[in-house]
Amino acid sequence: MEEPNRQASAEASSRDASNGQVASGDAQSKQPYTGYVAYEQQRDVGLQPEGPKNLSPPLSGQQVPKDELHPQHPLPANGVSQDAVVCVNPAGASEEISDTGLTTARADELLAVFGPNAVKPKQIPEWQKVLQRYLRVTPILLLVASLLSVCVEVDGRRDWLSFGLLLFLCNVMVWADYLGERSASDAISAVEKLAAVECSAKRDGAYSPINVVDLVPGDVVWLKAGMVVPADGVFIPPHKFVCVDESALTGESLPVKKYRGSELLSGSVVQRGEGPMLIQRTGAHSFYGKTIALLARAESKGHLRTILDTAAKVLTWTAVGFAVFLIFWERFHPVWIENSNGNVNVGILFKRAFTLIAAVIPAAMPVVTTTVLAVGAVAMSKEHAVVSRLSAIEEAAGVEILCTDKTGTLTLNVLSLSRDDICVEPGFTANQVLVFASLAATLTDPDALDAAINAAVDMEERNQFEVLDYTPFNPVDKRADSIVRSKTGELIQVTKGAPHVISELVCAPDDTATQQHLKAIIEEKARRGLRTLGVAIKLLDNDAITNLDEASESCSGITWKLVGFLSLLDPPRPDTKDTLERSRGMGVSVKMLTGDQQAIAAETARLLGLGDNISGPEIFRTRPKGLESDIAFREYISTVDGFSGVYPEHKFEIVDNLQQGGCLVAMTGDGVNDAPALKRATVGIAVSGATEAARAAADIILLEPGLSSIITVFSLSRQIFKRIEAYITFRIHGSFMTLLFWWGCVVIFDYEYPTWVLVLVAIINDFVLMSCSRDNVPSSSKPLIWSMLQVSTIALLTATLMAVCMLLYIFLSDPKYGVNWNYDFVEFIMVRVH
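At position 636 of the sequence shown (counting the first as 1) the number is 636 in UniProt numbering, and the numbers step up by one without a gap.
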């Protein structure tokens, strides 16, 4: 997870760009912090009064004491926060909001009443789906042709054979399309269940994971950064807030702060903060559900469907053009007038024209399109890759560049923390560094970073502090903050985060000596591949402060003290290097996008064989000389092996520039900070363990850790591409061959076959081409890009050759043209030619 959407992963990451210096000029007085030492001394002599309650989120399965709720969290004095968000704190917010949750039995009763928390589109009756297919252009043409076949008499007889074959073709096309789509829908539904979203809900007094579909009004759900709000409800805690992005729902461009009693809308994304919410409306009754009910949500056709539809239209209108030409030829050409004794039957002409069109139009096109994509989606799900947008399967075949984050994708995201690597500032101890770092961490569903810190800290020492307010890590500020009260009554603001961010807090601008000293320490650890995390504290002088907003307003002049640095190791996955080599062997270059320091990024790239051309974030702030133009900047980005210290907007810009340079780009990520780039990429891929925001923005979701599944995605998508390419080639070939042959018979030889022959050939052709959806084709060793010019050229050349051969066969075998060759001999020659 690169800069985790939740707090630590990224935080700790020296992923922060940086050369982050962490120092303590005058801001850091170098004087010992006696408050915590005094507490340790009291503990050592046996003075162990009960410590304050800890308001950190409960662990999964942990009971939540009701008496730990605090008074209403007040709105900042000016009503607007300092960090460009909109504050929402409704007047008279209900004090009756309960966080007790439901019992399992009660939840089951409510589920039976309100139904699942899902928005189901309006169900169209099956008979209506079939009828809609009969009313499309192609079935109507087939039905008209069949009626003309039986209504127009030729030599006193009706052509019942053509009528039956055309009617059979029409029904086969309609029902094959209907059954194929239903089968594909069932397959996709089964695949989507593999990526079912869970949340932490309070049932029977304890938090446990449940499927969001099973949420009911009255449930209490724990929100955290990167999570999509699963239903409508209100925020519960009086002592904190969450920032949510509602832009997709309301159009509000700024994040919105939600306090106790503030309404939370389903479909919005939590950007910062965490805490419980009370569910009030679910499913179709929610804001999101009502919105979706008003819309007919249709998946975009994608490049594949666009090409197939274009091919179908070209073939159909070409057939119409040939048919119209033949109608006029047979109606006004002297030879045909003479053959019909001057009495040309217009009904027969239209019958032949419609039959020709019916034989040429690609009746199997929708069946093949739907089936081939559904088969591909099911095949990918068996390889632990869930497709959320079908057209992404075809687009993945042409991916040339893979942008990937580092943490959790290229690395294990299993952090190990060694006390020997803790850097302690004068006046503090290694235990204090760990305790303060843990006080700015979460206990509920912690990410890899917080889990490593919590595992190393002495919980008995941590519990001697009361957490009054806590804001998790977010990728914009790159830090997590909390306000705690010690046993001795001291009020302390604690922060932990990226080295360069903590450095800016504690270092005086003119203290270059300290800055260089700490910068050297951080870079030395980065060269060893260690992720560094800074910890700092601020002693507050106002005992009435209970939240971070109040602290930022009334205590902004108090200086920060640097406590120390934690260093953590996140080793590469065992299979990553081999996966990257296989990716390059498939013609896909890999670029690493990380928020870590440049030294860490370079060391990781060296271990994985990614190359040593790692760029820092400074190129996005001020373009270097020679890169001022957009074209030069794009060319530079395409040559770089990786980027360090990048923020969410940098990732988006990298992907956007690569695409504008003409490349098809895949992006992998797992955090809310990756969501914009995932959405912008040609194919967005959310890795295993990704946040809901990342999964919602992605086209493909991996269910296994690491990148190895992506190789399977590329391989299968290229097989599917080649199946479609083969289908289009043969479809164009067959249609034009039929047109040219029939045109030659009528125009050159004044001769035509019975119409039922054309229909029979069309039926055989379509049945054969339907097998393309499951054809056993090899994958490709390089990205595949659509070239309709190449496909059409091959199809037209082979169609022309085949049509000429068949017309030559007629010329040589028909005695009326004065050729005295033996028919058997001609047949022998033509077999050899074919």
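Cβ coordinates follow ideal geometry from the N, Cα and C atoms, glycine included. Just so it is clear, the structure is predicted and the values come from calculations on it, not from any experiment.
Distance between residue j and residue i (C-alpha atoms, nearest Å)
{"i": "His733", "j": "Met380", "result": "31 Å"}
{"i": "Leu801", "j": "Phe741", "result": "10 Å"}
{"i": "Gln432", "j": "Gly534", "result": "13 Å"}
{"i": "Cys555", "j": "Thr488", "result": "20 Å"}
{"i": "Leu110", "j": "Ile279", "result": "12 Å"}
{"i": "Gln464", "j": "Gly609", "result": "47 Å"}
{"i": "Thr471", "j": "Ser482", "result": "6 Å"}
{"i": "Leu166", "j": "Val804", "result": "27 Å"}
{"i": "Thr282", "j": "Lys290", "result": "10 Å"}
{"i": "Lys561", "j": "Val506", "result": "6 Å"}
{"i": "Leu569", "j": "Phe714", "result": "31 Å"}
{"i": "Glu504", "j": "Ala385", "result": "42 Å"}
{"i": "Ser709", "j": "Gln598", "result": "28 Å"}
{"i": "Ser416", "j": "Ala311", "result": "57 Å"}
{"i": "Gly273", "j": "Gly233", "result": "16 Å"}
{"i": "Arg723", "j": "Pro754", "result": "33 Å"}
{"i": "Phe168", "j": "Cys151", "result": "17 Å"}
{"i": "Leu443", "j": "Glu460", "result": "14 Å"}
{"i": "Thr369", "j": "Glu394", "result": "11 Å"}
{"i": "Ala762", "j": "Val768", "result": "10 Å"}
{"i": "Ala23", "j": "Ile631", "result": "For Ala23, the pLDDT reaches just 35, beneath the cut-off of 50, and the residue's location in the model is therefore unreliable, although a value from the coordinates is still provided. The alpha-carbon atoms of Ala23 and Ile631 are separated by roughly 40 Å."}
{"i": "residue 922", "j": "Val324", "result": "What is shown of the chain runs 1 to 834, which leaves residue 922 out entirely."}
Exposure of residue i, with buried meaning 16 or more beta-carbon neighbours within 10 Å
{"i": "Phe354", "result": "buried"}
{"i": "Thr103", "result": "exposed"}
{"i": "Ser286", "result": "buried"}
{"i": "Asp458", "result": "exposed"}
{"i": "Glu246", "result": "buried"}
{"i": "Met770", "result": "buried"}
{"i": "Pro499", "result": "buried"}
{"i": "Asn673", "result": "buried"}
{"i": "Asp543", "result": "exposed"}
{"i": "Asp177", "result": "buried"}
{"i": "Lys782", "result": "exposed"}
Residues bridged to residue i (per DSSP)
{"i": "Asn211", "result": "Glu198"}
{"i": "Trp317", "result": "According to DSSP, which records beta bridges pairwise, Trp317 is partnered with nothing at all."}
{"i": "Lys496", "result": "Ala480 and Val535"}
{"i": "Arg419", "result": "Bridge partners of Arg419: none, in fact."}
{"i": "Gly744", "result": "According to DSSP, Gly744 bridges with nothing at all."}
{"i": "Val687", "result": "Answer is none; Val687 lacks a bridge partner."}
{"i": "Cys243", "result": "Lys257 and Arg272"}
{"i": "Arg136", "result": "Looking at the DSSP assignment, Arg136 forms no beta bridge with any residue, so it has no partner."}
{"i": "Val221", "result": "Ala201 and Met277"}
{"i": "Ala385", "result": "Leu702"}
{"i": "Lys625", "result": "In the DSSP output, where bridge partners are listed per residue, Lys625 has none listed."}
{"i": "Phe811", "result": "According to DSSP, Phe811 bridges with nothing at all."}
As assigned by DSSP and simplified to three states, the class of residue i
{"i": "Cys151", "result": "helix"}
{"i": "Tyr288", "result": "helix"}
{"i": "Phe328", "result": "helix"}
{"i": "Gln516", "result": "helix"}
{"i": "Leu179", "result": "helix"}
{"i": "Asp232", "result": "strand"}
{"i": "Ser781", "result": "coil"}
{"i": "Thr104", "result": "helix"}
{"i": "Pro237", "result": "coil"}
{"i": "Ser266", "result": "coil"}
{"i": "residue 838", "result": "In the structure displayed, the chain extends from 1 to 834; residue 838 sits before or after that span and is not available."}
{"i": "Arg528", "result": "coil"}
{"i": "Glu466", "result": "strand"}
{"i": "Ala666", "result": "strand"}
Other residues of its chain near residue i: CB distance less than 8 Å, five sequence neighbours each side excluded
{"i": "Ala107", "result": "Arg203, Asp214, Val216, Gly218 and Asp219"}
{"i": "Pro572", "result": "Leu410, Thr411, Leu412, Thr604, Leu607 and Leu608"}
{"i": "Asp656", "result": "Arg680"}
Cutoff 8 Å: residue i Cβ touching any chain B Cβ
{"i": "Asp420", "result": "The structure shown contains no chain B, having only a single protein chain."}
Spatial neighbours of residue i in its chain, beta-carbon cut-off 6 Å, leaving aside the 5 residues before and after
{"i": "Tyr636", "result": "Leu627"}
{"i": "Gln719", "result": "Val777 and Ser779"}
{"i": "Leu702", "result": "Ala385, Val687, Ser688 and Ser709"}
Spatial neighbours of residue i in its chain, beta-carbon cut-off 7 Å, leaving aside the 5 residues before and after
{"i": "Thr798", "result": "His733"}
{"i": "Val563", "result": "Glu425, Phe428, Gln432, Val433, Phe436, Val535, Ala536 and Ile537"}
Residue i CB to nearest heavy atom of the ligand PLP below 7 Å
{"i": "Lys496", "result": "The ligand PLP is not among the ligands present in this structure, which contains no ligands whatsoever."}
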